[in-house]
Amino acid sequence: MSKVIMIVLDGLRYDVARGSMGYLNHLVEVSKAASYKVKSELPSLSRPLYEVLLTGTPSSVNGITANHIVRLSNRQSIFHAATKHGLTTAAGAYYWVSELYNRAPFDRIEDRQQHDPGKPIQHGTFYFEDSYPDSHLFADAEILRRNHDPHFLYIHPMGIDDIGHKHGGESKAYRDKAIEVDSILASLLPLWMELNYEIIVTSDHGMNADGSHGGTGAAEREVPFYLIGSSFEPGYHEDVIPQLAVAPLVCKLLSIPLVNGMTDMDIPAFKHKMVK
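One point on numbering: in this note's numbering, the residue at position 100 of the sequence shown is 971, and numbering is uninterrupted.
And the structure:
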């Protein structure tokens, strides 16, 4: 079993990740990371795709079909599966993640800091302003990691998405924000790599030039997928990975069975076989 850190950089399109995030791509160039393109599910909206990433099911199955649907998920997530098998979970994330897996609707006072071993997300720090600084969110997540040593840590900053909505996905401001987040990762990834975490860096959806997403265009659907750790063959890979493959991969890294509804999908860089 490996410990896993899953980072979802909200609103990051694939071409900007490849063109602006120098440290992540440096890791690929020096054979310390694998890089793929992921094609997001539809609709290319945040709450539906959080559910895709964490349950491995499409919106037609899970019923989270739009951002305004505020309820607990009716599917088993990675968090549920991990705690069921005695693993510890933690998340530094946007409050919609808490609403999907811990409690809905979100209470800004009671739910911002959560520590409950009976919940799917046992340790959580959740923010509710889209402009919450990414630097603060990564610090929140690192504090959770140091204090609680989770087997599965989910990190979800909103800064790239926020700037994309304000300035568009082809703007200088959007690219600059991607560079800023890359620099934050450059300060944390070496430590996590030294501690032998398996690390996934991806996004829920991209961002079009108008500063929106939700449709079928490549700018909205094509997102990065970086894999770091001993479980992966490094390098740039041309394969396009379905977004539904992400949750099953995390389960396999954690050495827990896939949840009912997940579909085992091949990721060529992944070295290990299906967990029975």
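All C-beta atoms in this analysis are idealised placements derived from N, C-alpha and C, irrespective of residue type, glycine included. These figures come from a predicted structure and were not determined experimentally.
Stretch-stretch touch, CB-based, cutoff 8 Å, three pairs: the stretch 986-1001 with the stretch 900-919: no
Counting C-beta neighbours from all protein chains within 10 Å, is the total for VAL834 16 or more, i.e. buried, or is it exposed? Nothing can be reported for residue 834: it is not among the residues displayed for the chain, which extend from 872 to 1147.
Once the 5 residues before and after LEU1015 are set aside, which same chain residues still bring their CB inside 8 Å of it? As a working mapping, residue 1015 is identified with position 144 in the sequence shown. Cβ neighbours of LEU1015 beyond the five flanking positions: ALA961, ALA962, GLY963, HIS994, GLY995, THR996, PRO1021, LEU1024.
Element boundaries [alpha helix (DSSP H), containing PHE1149]: Given a span of 872 to 1147 for the chain in the structure shown, any question on residue 1149 remains unanswerable.
Grab me the residues of TYR1068's own chain with a C-beta within less than 6 Å of its C-beta, minus the 5 sequence neighbours each way, in chain order.
-> Here residue 1068 is taken as the residue at index 197 of the sequence shown, counted from 1. The residues are LYS874, ILE876.
Original post:
Can you tell me the Cα-Cα spacing of ASN1131 and GLN947, whole angstroms?
Top reply: Counting from one through the sequence shown, the residue named residue 1131 turns up at place 260. Counting from one through the sequence shown, the residue named residue 947 turns up at place 76. The straight-line gap from Cα to Cα measures roughly 8 Å.
Exercise. What first and last residue would you give for the beta strand (DSSP E) that runs through VAL909?
Worked result: Sequence index remark: in the sequence shown, residue 909 carries index 38 (1-based). Taken as a continuous stretch (DSSP letters only), the beta strand (DSSP E) holding VAL909 covers 905-910.
Discussion item. Pop quiz: SER1126 and PRO1095 are said to be a contact at Cβ under 8 Å. What is the actual Cβ separation, rounded to whole angstroms?
Written reply: Position 255 of the sequence shown, counting from 1, holds the residue named residue 1126. Position 224 of the sequence shown, counting from 1, holds the residue named residue 1095. In fact, because the Cβ distance is near 26 Å, the residues do not count as touching under 8 Å.
Margin query: ALA1116 and MET1136 - do their beta-carbons sit closer together than 7 Å?
Written below: Along the sequence shown, one-based indexing puts residue 1136 at 265. Along the sequence shown, one-based indexing puts residue 1116 at 245. It is a contact, given that the beta carbons lie within the stated cut-off.
Boundaries of the alpha helix (DSSP H) in which ASP1032 is found, first to last residue = Counted from its first residue, the sequence shown places residue 1032 at position 161. Where ASP1032 is concerned, the enclosing alpha helix (DSSP H) stretches over 1030-1038.
- Task: Taking all protein chains shown into account, decide if VAL1111 is buried (16 or more other Cβ within 10 angstroms of its Cβ) or exposed.
- Result: Taking the sequence shown and counting its residues from 1, the one referred to as residue 1111 is at position 240. VAL1111 comes out exposed.
| Taking DSSP as the reference, what is the three-state secondary structure of GLU970? | As a first step, residue 970 must be located in the sequence shown, where it is residue number 99. Helix at GLU970.
Quick check on MET1078: does DSSP put it in helix, strand or coil? Along the sequence shown, one-based indexing puts residue 1078 at 207. DSSP places MET1078 in coil when its eight states are reduced to three.
- Message: If distances are taken between C-alpha atoms only, which option among LYS903, TYR921, LEU898, MET872 comes closest to ILE878?
- Response: On the sequence shown, position 7 is the one that residue 878 refers to. The shortest Cα separation from ILE878 among LYS903, TYR921, LEU898, MET872 belongs to TYR921.
Within a Cβ cutoff of 6 Å, which residues of the same chain sit near LEU924, ignoring the five residues on either side of it in sequence? Looking up residue 924 in the sequence shown gives position 53. Correct list, in chain order: VAL1117.
On a Cα-Cα basis, can you pick out the residue from SER931, LEU1124, LEU943, GLY1082 that is closest to ILE1099? For the purposes of this step, residue 1099 is identified with residue 228 of the sequence shown, where counting begins at 1. Nearest C-alpha to ILE1099: LEU1124.
**OP:** Verify whether the separation of the beta carbon atoms of GLY1088 and ASN1079 is less than 7 Å.
**Re:** What you label residue 1088 is simply residue 217 of the sequence shown in a count that begins at 1. What you label residue 1079 is simply residue 208 of the sequence shown in a count that begins at 1. Yes.
Checklist line | Residues bridged to GLN1114 (per DSSP) | finding: Position 243 of the sequence shown holds residue 1114. DSSP, once it has assigned bridges, lists no residue as partnering GLN1114.
Practice task
Could you say if the stretch 1004-1013 and the stretch 968-976 meet the contact criterion of at least three C-beta pairs nearer than 8 Å?
Solution key: no
*Alpha carbon to alpha carbon, what distance is there between LYS990 and TYR965?*
Mapped onto the sequence shown, residue 965 falls at position 94. Mapped onto the sequence shown, residue 990 falls at position 119. Near 17 Å, if we compare the C-alpha coordinates of LYS990 and TYR965.
State buried or exposed for TYR907, treating a residue as buried only when at least 16 other CB atoms are found within 10 Å of its CB. Along the sequence shown, read from residue 1 onward, the residue named residue 907 stands at position 36. Counting Cβ neighbours within 10 Å, TYR907 comes out buried, since at least 16 surround it.
Cβ-Cβ distance between GLY927 and MET1133 below 7 Å: By one-based count along the sequence shown, residue 927 stands at place 56. By one-based count along the sequence shown, residue 1133 stands at place 262. Going by C-beta atoms, GLY927 is nearer than 7 Å to MET1133.
Practice task
Could you spell out where the alpha helix (DSSP H) holding ALA888 opens and where it closes?
Solution key: Here residue 888 refers to the residue found at position 17 of the sequence shown. ALA888 -> alpha helix (DSSP H) spans 885-891.
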